[in-house]
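Student: Take this structure, written in structure tokens, and hold onto it; I'll ask about it next.
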Amino acid sequence: MRQETHSGREWRAAVLCSGYGQWHSPKNKKNPRDYVGITLSKIEAMMADPRSAEKQDAQWVIFSTLPSRVHAEQRKQGRFHALWADIDETGGITFDEIIERANGCLLEYLAYTSRSATKEKQKARIIVPLAVPVSGEHFVMLQKILNDKLQLEGIAPDRATERAGQVCYLPNKGEYYRHHAEMFGGPMHPSAWGDEITKEQQHCEAAKMAAQERREQARAKATRRMQSGCKSPIDAYNSEYDLPSALDWHGYSRRGNRWLSPNSQSGAPGVTLSADGKKWLSTHGSDAGIGQPTANGTMGDAFDLFIFYEHHGDRNTAIKAAGKMFGLERMPSPQPDSFACDNEAPPFDSENGPKQEKKSIIGGLISLAVGKEYTEMLGEESWLFPNVIIRGQIHVIIAKTGGGKSTIFFDYISPWILDHHDVEILYMDCDSPASDHKVMFQKAEKNGSNFHWINPITHGKGPEALIGTLESLVKQKENLTGRFLILDTLKKFINLMDKQSVKPFFVLMRQLVSLGATIALLGHANKYRDGGGNLVFEGVGDVQSDTDALIFFERIGSINGIDITTVVDPDRGAKVRGLFEPVSFHIEHDTRLVTQHQQAIPVPDWCGEKKRKISSEDVEDVLRDFITGGTGHVKRSEIIESLNKVQGIPYNKLLSVLNACACHEKLAVHPGQIFFSVGQRGEKSYSVVGE
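Under the numbering used here, the residues of the sequence shown are numbered -13 to 677, in order.
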């Protein structure tokens, strides 16, 4: 092997598409940034002197001179100067063994370990410079051949590199870093793999012809369906064009039983099919404009793909084109119908034009019934953050003051979600002290352009400004698919002790979820535990009954910080709609760095606290807080419902303290004193004397 610099070679000087972090794009709505350029010569120098940056700040490259991250654009217009391989699943082999095996099929290449590599798992990337640039179509073909060759050498590459717009993260020093430059024989000429290219071209041509044949067969069947009495070209299209083939035709890449959207930049396949194969559901935010928004993403059928990809989203033009494809000489413009399904064209008579059908009002209501295909699309829970956040649900996260919930969500859960999903996070904060804001701003900046730290107080406004904005989103029916809303903390937005405040708030949250949002509400636990030693959430029972998941964060002492374990067991007061398992986090004392334990730390029965009876003074304090937090006049039945049945204060203890500390309104004179008045039906209402 001989080392040389090749500084004069043209392939080293080509300026390739590059950026920093997952969301770097000029198309990013919140923080558009032009791509930067980088050369293979610069990449080789980076191997010897790598940066050390978090993934959201790490530099990546697409080995094409076309400045675009869109797979379809790179495949059609890209000019590629290198191939590459991503080796995440090492199978136990070392970096040296990867080099040794790669030498069996490659001559000149660059190799380095990835940011997340460890001594035990030496993940790596390989870059293979090309002597001449190739087209996007040719690049995809060569990538498949490269991966096949590495597979034969006992290296398991990630096949996601066979997508034209897949980004390759550049040298970035982590816990374990190695690099190697194999320079022998010069950059590879694509013709060196001539035999493999010929076979792959034959395979691609055969697949293309088979796809065209399937499409023609589907068109013929749809034509016969129209001739036999079907009145809707949309129905005919969806009946005869199978959805997996339609996804393939329009550039979706199949990964097992999921598909990756050609519009996605995340690299994670987020499209699934319903059980009957007639509907698709996409969690890619970039697919939001194709079908209809749902709580779990965007849903559509084969005809929705036909509209978007072949007719630029023009539904009327697509219907006319389908009618012409299926033998109708002319198609009428679809007539508006306030109750018509979005995927249903008006009946058509080839001789007399469109049929006018009279729809009853009750029929219109029935047309809005929940369909089987929708419920089948929901399937099992889709984690946004495993065992804590499920897409399309309302979550209430409860912890004692200082229990770490805000730190975990701001510093750990949010960055993790942004690294693993194509989502936008709106962190609505009305609780943090001004002394924390400088550091929080720096962290928010690191989280990238899809993370928005929102604090109305810094603009001289209160939480009601945020509530008003959320209500406007509902009124305008804004598509919130792919958006995660975090409200911190809950008691700043509503009066938790007042049903009249809590109920409409959760109705608003449910409306936001119906528009596609996922929600986390961070709240406080009461200062006392229930009779079983469990945390108790702050507020009336509707806080639990109107949410999908209520999870407790239990704080456990640690030598160099605090450990927090989630409580998801209904027997301990939690509520979940999904298969949750406990998880544990650690927060360091000095740095406030958050990490996640590999296994959950068990929560002691009393979480390190001595078991004690609830004192009369405790109960009186809770009573006073509950009454003053409500309307100011709280019925006796409401006190019992909330403090006994929901929050677990023993019934006899509660009544004993209430009777002992409360006096008739005529006798109440001292500030903070609890008093009662008697209504027309004899029921007592309680109030507190003001300061």
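Glycine included, C-beta positions come from ideal geometry on N, C-alpha and C.
#1: Using only the alpha-carbon positions, how far apart do D417 and K478 sit?
#2: Between P119 and R65, is the Cβ-Cβ spacing less than 8 Å?
#3: Can you tell me whether Q213 is helix, strand or coil according to DSSP?
#4: Determine, using beta carbons only, whether F661 and A646 come nearer to each other than 8 Å.
#5: Is DSSP giving C649 helix, strand or coil here?
#6: Pick out whichever of G509, G518, V526 and G519 has its Cα sitting closest to the Cα of S487.
#7: Does the structure place the segment 480 to 495 close enough to the segment 526 to 544 that three or more beta carbon pairs sit under 8 Å?
#8: Whole angstroms are fine: how far does the CA of L507 sit from the CA of H572?
#9: Jot down the residue ranges of each uninterrupted alpha helix (DSSP H) in the segment 134 to 178, minimum 4 residues, whole runs only, in chain order.
#10: Nearest-angstrom Cα distance between K344 and Y413?
#11: For G277, which residues of its own chain have a beta-carbon under 6 Å away from its beta-carbon, when the five flanking residues on both sides are left out?
#12: Could you check the C-alpha separation between E337 and T209 for me, to the nearest Å?
#13: What residue ranges within the segment 74 to 99 form continuous beta strand (DSSP E) runs of no fewer than 3 residues, ordered along the chain?
#14: Could you check if Y98 is buried or exposed, using at least 16 other CB atoms within 10 Å of its CB as the buried criterion?
#15: Is the distance from the Cβ of P219 to the Cβ of A308 below 8 Å?
#16: Could you pull the start and end residues of the alpha helix (DSSP H) that R578 belongs to?
#17: Just tell me which of N546, R244 and A261 has its CA closest to the CA of T577.
#18: Only counting the same chain, and skipping five residues up and downstream in sequence, which positions put a Cβ closer than 6 Å to that of V569?
#19: Would you call D35 buried or exposed, if buried means 16 or more other Cβ atoms sit within 10 Å of its Cβ?
#20: Can you find the residues in the same chain that come closer than 8 Å, C-beta to C-beta, to P322, ignoring five residues on each side of it along the sequence?
#21: Which of the three DSSP states is assigned to Q462 in this structure?
#22: Can you give me the C-alpha to C-alpha distance between Q63 and R205, rounded to a whole angstrom?
#23: Between A193 and L229, is the Cβ-Cβ spacing less than 8 Å?
#24: Measuring CB atoms only, is the segment 166 to 173 touching the segment 182 to 199, in the sense that at least three cross pairs come out at less than 8 Å?
#25: Could you please give the first and the last residue of the uninterrupted beta strand (DSSP E) stretch that includes A385?
#26: Could you work out which residue in G90, K109 and Q60 is closest to F81 when comparing CA atoms only?
#27: According to the Cβ coordinates, are D408 and S272 closer than 8 Å?
#28: In chain order, which alpha helix (DSSP H) runs of at least 4 residues are fully inside the segment 197 to 247?
#29: Under 8 Å, do I79 and Q60 count as touching if we go by C-beta distance?
#30: So which of S435, E450 and S623 has the shortest CA-CA distance to N441?
#31: Please list the terminal residues of the continuous alpha helix (DSSP H) segment that includes W9.
#32: Determine, using beta carbons only, whether P255 and A58 come nearer to each other than 8 Å.
#33: If you compare alpha carbons, which of N465, T467, I472 and S231 is closest to I453?
#34: Between which two residues does the alpha helix (DSSP H) carrying Y295 extend?
#35: Using the rule of at least 16 other Cβ atoms within 10 Å of the residue's Cβ for burial, across every protein chain shown, is G151 buried or exposed?
#36: Could you spell out where the alpha helix (DSSP H) holding P401 opens and where it closes?
Tutor: On the basis of the coordinates in this document:
#1: Counted from its first residue, the sequence shown places residue 417 at position 431. Counted from its first residue, the sequence shown places residue 478 at position 492. Rounded to the nearest whole angstrom, the C-alpha separation of D417 and K478 is 7 Å.
#2: To locate residue 119, count along the sequence shown from 1; it is residue 133. To locate residue 65, count along the sequence shown from 1; it is residue 79. Yes.
#3: For the purposes of this step, residue 213 is taken as the residue at position 227 of the sequence shown. In this structure, Q213 counts as helix in the three-state DSSP scheme.
#4: Numbered from 1 along the sequence shown, position 675 holds the residue referred to as residue 661. Numbered from 1 along the sequence shown, position 660 holds the residue referred to as residue 646. No, they are not a contact pair.
#5: If you number the sequence shown from 1, residue 649 lands on position 663. Here C649 sits in strand by DSSP.
#6: As a working note, residue 487 is residue 501 in the sequence shown. Nearest neighbour of S487 by Cα position, chosen from G509, G518, V526 and G519, turns out to be V526.
#7: Result yes; three or more Cβ-Cβ pairs closer than 8 Å.
#8: Against the sequence shown, residue 572 aligns to sequence position 586. Against the sequence shown, residue 507 aligns to sequence position 521. Spanning the two alpha carbons is a distance of roughly 21 Å.
#9: Listed in chain order, there is nothing to give.
#10: For the purposes of this step, residue 344 is taken as the residue at position 358 of the sequence shown. For the purposes of this step, residue 413 is taken as the residue at position 427 of the sequence shown. Bear in mind that the predicted position of K344 carries a pLDDT of just 45, short of 50, making it too unreliable to give a figure here.
#11: Numbered from 1 along the sequence shown, position 291 holds the residue referred to as residue 277. Hits under 6 Å: T284, M285, G286 and D290.
#12: Here the question's residue 337 lines up with position 351 in the sequence shown. Here the question's residue 209 lines up with position 223 in the sequence shown. Low confidence applies to E337: its pLDDT is 40, below 50, so where it sits in the model is not reliable enough to give any reading.
#13: Taken in chain order, the complete beta strand (DSSP E) segments of 3 or more residues contained in the segment 74 to 99 are 95 to 99.
#14: Numbered from 1 along the sequence shown, position 112 holds the residue referred to as residue 98. Flag for Y98 reads buried.
#15: To locate residue 219, count along the sequence shown from 1; it is residue 233. To locate residue 308, count along the sequence shown from 1; it is residue 322. Going by C-beta atoms, P219 is nearer than 8 Å to A308.
#16: Here the question's residue 578 lines up with position 592 in the sequence shown. Per DSSP, R578 lies in no alpha helix (DSSP H) and is assigned neither H nor E.
#17: Here residue 577 refers to the residue found at position 591 when the sequence shown is read from its first residue. Distance from the Cα of T577 is smallest, within the candidate group N546, R244 and A261, for N546.
#18: The count along the sequence shown starts at 1 and reaches residue 569 at position 583. Cβ neighbours of V569 beyond the five flanking positions: N373, T552 and A586.
#19: The residue you call residue 35 lines up with position 49 of the sequence shown. With fewer than 16 other Cβ atoms within 10 Å, it is exposed.
#20: Position 336 of the sequence shown, counting from 1, holds the residue named residue 322. Model confidence at P322 stands at a pLDDT of 40, short of 50, so the residue's coordinates are unreliable; what they give is reported in the following sentence. Within its own chain, no residue has a Cβ closer than 8 Å to the Cβ of P322 once the five positions on either side in sequence are excluded.
#21: Here the question's residue 462 lines up with position 476 in the sequence shown. For Q462, the three-state secondary structure derived from DSSP is coil.
#22: Along the sequence shown, read from residue 1 onward, the residue named residue 63 stands at position 77. Along the sequence shown, read from residue 1 onward, the residue named residue 205 stands at position 219. Going from the Cα of Q63 to the Cα of R205 covers about 30 Å.
#23: Taking the sequence shown and counting its residues from 1, the one referred to as residue 193 is at position 207. Taking the sequence shown and counting its residues from 1, the one referred to as residue 229 is at position 243. No. Outside cutoff.
#24: With the cut-off at 8 Å, the segment 166 to 173 and the segment 182 to 199 do not touch.
#25: Translated into the one-based positions of the sequence shown, residue 385 becomes position 399. Counting along the chain, the beta strand (DSSP E) containing A385 begins and ends at I380 to A385.
#26: Counted from its first residue, the sequence shown places residue 81 at position 95. Here the closest residue by C-alpha is K109.
#27: Mapped onto the sequence shown, residue 408 falls at position 422. Mapped onto the sequence shown, residue 272 falls at position 286. It is a contact, given that the beta carbons lie within the stated cut-off.
#28: The qualifying runs are 219 to 226 and 229 to 235.
#29: Residue 79 sits at position 93 when you count from the first residue of the sequence shown. Residue 60 sits at position 74 when you count from the first residue of the sequence shown. No, the Cβ-Cβ distance between I79 and Q60 is not below 8 Å.
#30: As a working note, residue 441 is residue 455 in the sequence shown. Selected option, being the one with the closest Cα: E450.
#31: Against the sequence shown, residue 9 aligns to sequence position 23. Note, W9: premise wrong, no alpha helix (DSSP H); not H, not E.
#32: Counted from its first residue, the sequence shown places residue 255 at position 269. Counted from its first residue, the sequence shown places residue 58 at position 72. Between P255 and A58, the C-beta spacing is not below 8 Å.
#33: Your numbering for residue 453 matches position 467 in the sequence shown. For I453, the closest C-alpha among the options N465, T467, I472 and S231 is that of I472.
#34: The residue you call residue 295 lines up with position 309 of the sequence shown. In the DSSP assignment, Y295 falls within the alpha helix (DSSP H) that extends over A288 to E296.
#35: Taking the first residue of the sequence shown as position 1, residue 151 is located at position 165. So G151 counts as buried.
#36: For the purposes of this step, residue 401 is taken as residue 415 along the sequence shown, with counting starting at 1. P401 -> alpha helix (DSSP H) spans S400 to H406.
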